[in-house]
Amino acid sequence: MTEFPPLPPLPPRSRGSIALLEESCTSCMLCARECPDWCITIDSHTEGVPTGTAATATTGARLRTRNVLDRFAIDYSLCMYCGICVDVCPFDALFWSPELVRAGFDIRDLDYQRDRLGALLPGVPPPPAVDPGAEEPKELAAARRRLQEG
Amino acid sequence: MSGTSAGSVELGERLAGLVEGTVKRSYGDVTVDVPAARWVEAVTAARDELGLTFFDWLSAVDELAGGFSVVCHLADPVGPAHLLVRTRVPAAEPALATVTGVFRGASWHERETFEMFGIDFVGHPALLPLLLPAGFEGRPLRKDFVLAARAAKAWPGGKEPGEADGDAAPSRRRTQPPGVPDPAVWGPR
Amino acid sequence: MASVDLPVPFPRTVDVGTRYALSVHSLGLACCAVELVAATLGGGEPPPGAGDPVAVLVVAGTVTDAMAGAVRRLYDQLPEPRYVVSFGACSNSGGPYWDSYCVTKGVDQLIPVDVYVPGCPPRPEALIDGLRQLAAKIEAGRVDA
């Protein structure tokens, strides 16, 4: 593929493309519902999670289920880069990346499935630094507590 | 142009007094509701006696059972002052007198309002379609106009979490996205 | 007020060797036209093209049903060999106006498209990238002229 023309230095919040962190996605469908263009397609199925204790086997407690993502596609020919999906995701599975979606010869090349959406993750910039004087992020406090405990 | 200036409120009250209208203030705008029979008189008075010589915009709002509100934005560029003059026409056979005799520039606004809402402007020199392609059927900006593309395309957000295409139990009613009528009522057969 | 860094001029040339001379016809229909102008303005006079003339139509903006006839007629009047670049979400697929009562859902409903440039609007550099990809495709002879 031809080399992209040089871009000026872009701020980290630049909207180039949207990357998907598959491990965080629970197929809650919120991004697909809120997308104004209807360009996000999600297929998933439920799987039972074996709890692995004898207690549940004998009591017949209801099997825990979880959603498994089969297909996650963003149609970049329709996408208007509004970012509503990134904002609404409750599990922070979608991220903005300054990396642009390349042009394609076939419109179906612009329909990114989850493999290509995941491949955009390395381009996602780190989150901006917290303001000085702001409260410490909860993950840091939780990690420190875990270290102290064990 | 700010409508919150005291000048706009005073102008609104004067206009309402002239044509038996009512004044309303909301979100910084001054609205004067006038009877439909005195529409041209109100716009003429606003231009000649109140100094609102700049015609900005004319359009309509579909009030469903209440008919259509026809709104006209008038402004005094020097003042500055701004008024929203509004009237109500019935839903069945909506018609209103034209203001092209007062402001020539209202001609295209009334053409657009006619083709989008179906409001007849009596006395308009040439009430032809302005924006829609030839052969277009229907009045698109009415609230009961269904957007066919949304009804025809399967809403990706209609699936439940944990559901894949073609999996849904046929008896289960799918949620419809906003603006799409129930498939039993309207849609592809 | 803080000083602003002006954008670095980027190369606006599309090198197609000496075999073809691309003449780019810009059809700016809506907001994407602004990015089209940004991509081409200030680039200076292009050198006189040597080689076989090739027409490239760049459709930038929403194709309304009222404009559809004009777009089709414009394409029909272009001399062959001719190629089409769809610039922006609206001309790719209808974009944010896909559900409108008066929008053609993609210019490929009217004319054959060779390159689709995604974006809303795409950066001017993305147009140059799209044209370069098209030039490479022409050179490779993978397109029916």
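Residue numbers (my numbering), protein chains in the order written: chain A, 51 to 200; chain B, 142 to 330; chain C, 878 to 1022. Just so you know, even glycine gets a beta-carbon here, dropped at the ideal spot from N, CA and C.
Give the single residue among the options whose Cα lies nearest to the Cα of residue i.
| i | options | result |
| --- | --- | --- |
| Gly173/A | Pro55/A, Ala69/A, Thr52/A | Ala69/A |
| Glu234/B | Phe255/B, Val243/B, Gly220/B, Ala222/B | Phe255/B |
| Tyr126/A | Cys139/A, Asp142/A, Pro178/A, Asp87/A | Asp87/A |
| Gly956/C | Glu1016/C, Ala947/C, Leu899/C, Ala1017/C | It is worth fixing the name first, because residue 956/C is Pro in this sequence and not Gly. Nearest of Glu1016/C, Ala947/C, Leu899/C, Ala1017/C to Pro956/C, Cα basis: Leu899/C. |
| Ala236/B | Arg227/B, Leu215/B, Gly259/B | Gly259/B |
| Phe54/A | Ala1017/C, Ser963/C, Pro1001/C | Pro1001/C |
| Gly183/B | Phe286/B, Arg155/B, Leu272/B, Ala295/B | Sequence inspection shows Ala at residue 183/B; the Gly mentioned does not correspond to that position. Considering only alpha carbons, the answer is Arg155/B. |
| Leu14/A | Glu73/A, Pro187/A, Gly154/A, Met51/A | As displayed, chain A neither begins before 51 nor continues past 200, which places residue 14/A out of reach and without an answer. |
| Ser149/B | Trp249/B, Gly162/B, Arg166/B, Val160/B | Arg166/B |
| Ile988/C | Asp953/C, Leu1011/C, Leu913/C, His902/C | Asp953/C |
| Arg283/B | Thr172/B, Leu191/B, Ala201/B | Ala201/B |
| Gly154/A | Asp1006/C, Val948/C, Ser977/C | Asp1006/C |
To the nearest angstrom, how far is the alpha carbon of residue i from that of residue j?
| i | j | result |
| --- | --- | --- |
| Phe196/B | Cys909/C | 30 Å |
| Ala247/B | Thr981/C | 29 Å |
| Tyr993/C | Val961/C | 9 Å |
| Lys1014/C | Thr96/A | 44 Å |
| Val212/B | Val321/B | 28 Å |
| Val181/B | Gly242/B | 9 Å |
| Arg114/A | Ala206/B | 50 Å |
| Ser143/B | Gly153/B | Bear in mind that a pLDDT of 49 at Ser143/B, under 50, signals an unreliable position, so the model cannot answer this. |
| Asp1021/C | Ala267/B | Any reading at Asp1021/C needs caution, since the residue's pLDDT is 48, under 50, leaving its predicted position unreliable; the model's value is listed next. Between Asp1021/C and Ala267/B, the C-alpha separation is close to 49 Å. |
| Thr76/A | Pro58/A | 37 Å |
| Cys135/A | Cys129/A | 11 Å |
| Asp323/B | Pro61/A | 45 Å |
| Leu253/B | Pro270/B | According to the sequence provided, residue 253/B is Glu. The question's Leu does not apply to it. For Glu253/B and Pro270/B, the distance between alpha carbons rounds to 7 Å. |
| Gly208/B | Trp198/B | 20 Å |
| Met79/A | Ala184/A | 33 Å |
| Cys979/C | Leu160/A | 24 Å |
| Pro319/B | Glu189/A | 37 Å |
| Val118/A | Thr228/B | 56 Å |
| Ile90/A | Leu288/B | 20 Å |
| Gly972/C | Arg291/B | 13 Å |
| Gln986/C | Ala325/B | 30 Å |
| Glu1023/C | Val931/C | The displayed coordinates of chain C run from 878 to 1022. Any statement about residue 1023/C would go beyond what the structure contains. |
| Asp165/A | Pro995/C | 19 Å |
| Met51/A | Trp975/C | 30 Å |
| Leu904/C | Asn969/C | 14 Å |
| Leu273/B | Ala943/C | 6 Å |
| Val230/B | Asp203/B | 10 Å |
| Leu934/C | Tyr897/C | 15 Å |
| Pro281/B | Lys300/B | 29 Å |
| Gly66/A | Val240/B | 48 Å |
| Val138/A | Cys85/A | 10 Å |
| Leu224/B | His265/B | 23 Å |
| Phe286/B | Ala293/B | 14 Å |
| Arg152/A | Gly1018/C | 21 Å |
| Pro999/C | Thr941/C | 20 Å |
| Asp93/A | Glu149/A | 26 Å |
| Asp261/B | Ser64/A | 48 Å |
| Pro182/A | Ala193/A | 20 Å |
In the DSSP assignment, find the beta strand (DSSP E) that holds residue i and state where it starts and stops.
| i | result |
| --- | --- |
| Ile1015/C | First-last for Ile1015/C: 1001 to 1016, but that is the alpha helix (DSSP H), not the beta strand (DSSP E). |
| Leu60/A | Counting along the chain, Leu60/A falls outside any beta strand (DSSP E), and DSSP gives it neither H nor E. |
| Glu97/A | 90 to 99 |
| Cys213/B | 209 to 217 |
| Thr172/B | 170 to 174 |
| Leu205/B | No beta strand (DSSP E) holds Leu205/B; DSSP gives it neither H nor E. |
| Arg116/A | 114 to 125 |
Are residue i and residue j close, meaning C-beta to C-beta below 7 Å?
| i | j | result |
| --- | --- | --- |
| Ala945/C | Leu1004/C | no |
| Ala143/A | Gly298/B | no |
| Val936/C | Val984/C | yes |
| Ala966/C | Thr939/C | no |
| Gln163/A | Ala191/A | no |
| Gly162/B | Asp170/B | no |
| Leu877/C | Asp991/C | Since the displayed chain C opens at 878 and closes at 1022, residue 877/C lies outside it and no answer follows. |
| Asp120/A | Ala216/B | no |
Cβ of residue i less than 7 Å from any chain D Cβ?
| i | result |
| --- | --- |
| Pro221/B | Judged by its chain identifiers, the structure shown contains no chain D, and its protein chains are A, B and C. |
Hey, quick one: how far does the alpha helix (DSSP H) through residue i stretch, first residue to last?
| i | result |
| --- | --- |
| Ser167/B | From DSSP, Ser167/B is part of no alpha helix (DSSP H) but of the beta strand (DSSP E) over 163 to 167. |
| Thr185/B | 180 to 189 |
| Asp942/C | 942 to 954 |
| Ala290/B | 289 to 293 |
| Ile134/A | 134 to 138 |
| His902/C | First-last for His902/C: 897 to 905, but that is the beta strand (DSSP E), not the alpha helix (DSSP H). |
| Trp249/B | 247 to 258 |
Just to check, is the beta-carbon of residue i closer than 6 Å to a non-hydrogen atom of the ligand COA?
| i | result |
| --- | --- |
| Arg65/A | In the structure on display, the ligand COA does not appear, and there are no ligands present to speak of. |
- Query: Between the stretch 943 to 964 of chain C and chain B, which residues of the former have a C-beta closer than 9 Å to a C-beta of the latter?
  - Reply: Residues passing the 9 Å Cβ filter: Ala943, Met944, Ala945, Gly946.
- Message: Give me the subset of the stretch 267 to 300 of chain B whose CB atoms are less than 7 Å from a CB atom of chain A, sorted by chain position.
- Response: Residues of the stretch 267 to 300 of chain B that bring their beta carbon within less than 7 Å of a beta carbon in chain A comprise Lys294, Trp296, Pro297, Gly298, Lys300, in sequence order.
- Task: Would you list, in chain order, the members of the stretch 979 to 1001 of chain C that have their beta-carbon closer than 8 Å to a beta-carbon of chain B?
- Result: Of all residues in the stretch 979 to 1001 of chain C, the ones placed with a Cβ closer than 8 Å to any Cβ belonging to chain B are Cys979, Lys982, in chain order.
- Give the residues from the stretch 144 to 157 of chain A that approach chain C closer than 8 Å (Cβ to any Cβ), ordered along the chain. The residues in question are Leu150, Val151, Arg152, Ala153, Gly154, Phe155, Asp156, Ile157.
- Task: Give, in chain order, every residue of the stretch 244 to 261 of chain B whose Cβ lies closer than 7 Å to some Cβ of chain A.
- Result: Listed in sequence order: no entries.
- Members of the stretch 68 to 88 of chain A that neighbour chain B once the beta carbon cut-off is set at 8 Å: Cβ contacts with chain B: Thr76, Ser77, Cys78, Met79, Ala82, Arg83, Glu84, Cys85, Trp88.
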